[in-house]
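Per the working numbering, the sequence shown starts with residue 21, numbered consecutively.
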Amino acid sequence: MSKIEWTGETWNPVLGCSKVSAGCENCYALRDSWRQAHHPKQVANYEGLTKKVGGKVQWTGKIRCIPDRLSKPLDEKKPTTYFVNSMSDLFHEGVPDEFIDQVFAVMALCPQHTFQILTKRPERMAEYFSGTGVAPRGIECPTKNHVLNVADRIAWRNFPRQFERLEQSVKNGAFKWPIPNVWLGVSVEDQATADERIPHLLNTPAAVRFVSYEPALGPGDFALFLDGPRLAGKLADMIGGDVAAINDPCSKERLDWIIAGGESGPGARVCEIENIRSVVRQCRDAGVAVFVKQLGANPHYKKPNGRPLCMARKPCGHGDWARSVALEDHKGGNWDEWPEDLRVREMPKAAGRLLDGREHNGMPVTG
21 MSKIEWTGET WNPVLGCSKV SAGCENCYAL RDSWRQAHHP KQVANYEGLT KKVGGKVQWT
81 GKIRCIPDRL SKPLDEKKPT TYFVNSMSDL FHEGVPDEFI DQVFAVMALC PQHTFQILTK
141 RPERMAEYFS GTGVAPRGIE CPTKNHVLNV ADRIAWRNFP RQFERLEQSV KNGAFKWPIP
201 NVWLGVSVED QATADERIPH LLNTPAAVRF VSYEPALGPG DFALFLDGPR LAGKLADMIG
261 GDVAAINDPC SKERLDWIIA GGESGPGARV CEIENIRSVV RQCRDAGVAV FVKQLGANPH
321 YKKPNGRPLC MARKPCGHGD WARSVALEDH KGGNWDEWPE DLRVREMPKA AGRLLDGREH
381 NGMPVTG
């Protein structure tokens with residue numbers, strides 16, 4: 021079971037990454053990869069992915085694809101929600117298209133599971149789905165038929181049950197594209213990264229499109245991306261090119277889900293509580309599911325005069341216009357310590373999943 025509140029398990033067939041924006045500065049995957057590289061049982065997987073520069077851990081930029089990990093979802097019969105590549109980015113430039121094909125093929129073979137993919141590289145993701153990013157293979161892909169062919173090659177010998185199920189699904193016309201149990205999302209940390217990445221996400225065919233606004237480092241106005249009619253006609257200008265996905269009959273013209281949270285861990289940066297509240301309000305107004313994951317290790321309020329009111333666990337020295345509020349949870353993840361209006365962790369009615377002992381509904385339902 022993953023400690024990430026909005027998923028069930030993590031699945032990491034790819035390891036290694038590189039920083040692309042301010043949101044990567046205190047990356048937990050970087051810290052954990054360094055730690056794993058010094059663990060005797062994990063050194064073979066993680067060695068060479070990180071290094072220390074001036075006493076600070078950095079990515080080397082090396083990517084490691086691990087074919088042996090592809091079978092994890094195939095071995096699990098119980099319906100499970102998987103966060104794909106919590107320790108990397110599936111659409112990193114160092115991940116070969118052929119390996120991405122295999123990941124999608126496995127997901128196609130496992131309709132009982134739900135797969136959540138987050139990227140900070142949505143341009144590559146959109147190119148992958150349009151076929152322009154895979155021209156060297158001489159095949160127009162990833163198309164529905166190509167992914168099915170890869171799935172057949174993976175499953176026909178070692179996973180006959182999944183192979184037969186997929187074949188039958190294709191024969192009777194039940195197989196759908198985009199794959200209905202695959203959710204695509206982007207990570208953003210402020211307005212600039214939202215404006216840069218979300219349009220490419222919306223230009224990618226997906227059953228569910230979502231945003232992880234974590235770490236929330238600056239204000240985020242997502243209203244346009246939650247309003248299909250207002251967004252229609254503007255997407256081409258926003259991405260500076262042709263729009264493919266919104267012309268797809270399977271496509272939706274807005275976001276389906278937003279996760280919001282502050283930064284935790286060493287050196288956690290400020291999360292303004294009002295920015296989280298604003299996202300909750302925007303989603304409420306649009307009828308879109310929202311999941312507040314945590315307030316982070318360094319959450320702040322603003323006083324009526326606009327000056328910040330500190331909620332740090334220790335006194336911050338801001339004088340008489342700020343006060344310290346002790347949060348027992350070092351990640352700010354215990355919602356009993358939050359303002360009541362932020363206690364929102366929406367999940368699908370079909371799942372009826374319990375979080376913190378409470379049932380939460382509203383997460384996007386597919387199928």
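Ideal placement from N, C-alpha and C gives every residue a C-beta, glycine not left out.
Assign Arg-84 to one of three DSSP states: helix, strand, or coil. strand
Thinking C-alpha only, which one of Tyr-48, Ile-293, Phe-245 is nearest Lys-322? Ile-293
From the DSSP output, in three-state form, read off Glu-113 for me. coil
Same chain only: Cβ atoms within 6 Å of Arg-157, ignoring 5 sequence neighbours per side: Low confidence applies to Arg-157: its pLDDT is 35, below 50, so where it sits in the model is not reliable, and the reading given next is rough at best. Answer for Arg-157: no residue qualifies.
With a threshold of 6 Å on Cβ separation, who are the neighbours of His-59 within its own chain once the five nearest residues in sequence on each side are excluded? none
Whose C-alpha, out of Gly-240, Trp-355, Leu-35, Leu-221, is nearest the C-alpha of Tyr-148? Leu-221
Taking Cβ positions, are Val-123 and Leu-110 nearer each other than 9 Å? yes
I'd like the list of long-range same chain contacts for Gly-316, defined as Cβ closer than 6 Å, with 5 residues on each side in sequence excluded. Gly-282, Glu-283, Ser-284, Ala-288, Cys-291, Gly-352
Provide the residue span of the alpha helix (DSSP H) that contains Gln-211, from first to last. 211-222
Terminal residues of the continuous alpha helix (DSSP H) containing Lys-191? 180-191
His-320 versus Phe-119, Pro-359, Arg-177, residue with shortest Cα-Cα distance: Pro-359
Straight-line gap, Arg-173 to Gln-182 (C-alpha atoms, nearest Å): 12 Å
Along the chain, where does the alpha helix (DSSP H) containing Arg-55 start, and where does it finish? 48-56
Counting Cβ pairs, one atom from each stretch, are 3 or more of them under 8 Å apart for the stretch 43-60 and the stretch 81-99? no
When DSSP builds the beta bridges, which residues end up paired with Ala-36? First, the amino acid is wrong: residue 36 is Gly here, not Ala. DSSP lists Ser-108 as partners of Gly-36.
Does the Cβ-Cβ distance between Val-231 and Phe-245 come in under 9 Å? yes
Since Gln-62 and Val-104 should fall inside the 8 Å C-beta cutoff, what is the C-beta to C-beta distance between them, to a whole number of angstroms? 19 Å between Cβ atoms; not a contact.
Which partner residues does Cys-44 have in the DSSP bridge list? Per DSSP, none; premise fails for Cys-44.
Report the three-state DSSP secondary structure of Ala-128 (helix, strand or coil). helix
Whole-angstrom distance between Asn-295 and Asp-305, CA atom to CA atom: 15 Å
What is the DSSP secondary structure of Pro-156, reduced to helix, strand or coil? Reliability of the predicted coordinates at Pro-156 is poor, the pLDDT of 37 falling under 50, and the value obtained from them is presented with this limitation in mind. Here Pro-156 sits in helix by DSSP.
Is the beta carbon of Ala-171 sitting closer than 9 Å to the one on Val-126? yes
Do three or more CB pairs link the stretch 177-196 to the stretch 205-214 at distances below 8 Å? no
One question on the structure: do Ala-34 and Ser-108 come within less than 9 Å of each other, judged by their Cβ atoms? According to the sequence shown, residue 34 is Val rather than Ala. Yes, the pair counts as a contact, with Cβ atoms nearer than the cut-off.
Keeping to the same chain, check which residues put their C-beta closer than 7 Å to that of Thr-100; ignore five residues upstream and five downstream. Gly-28, Glu-29, His-133
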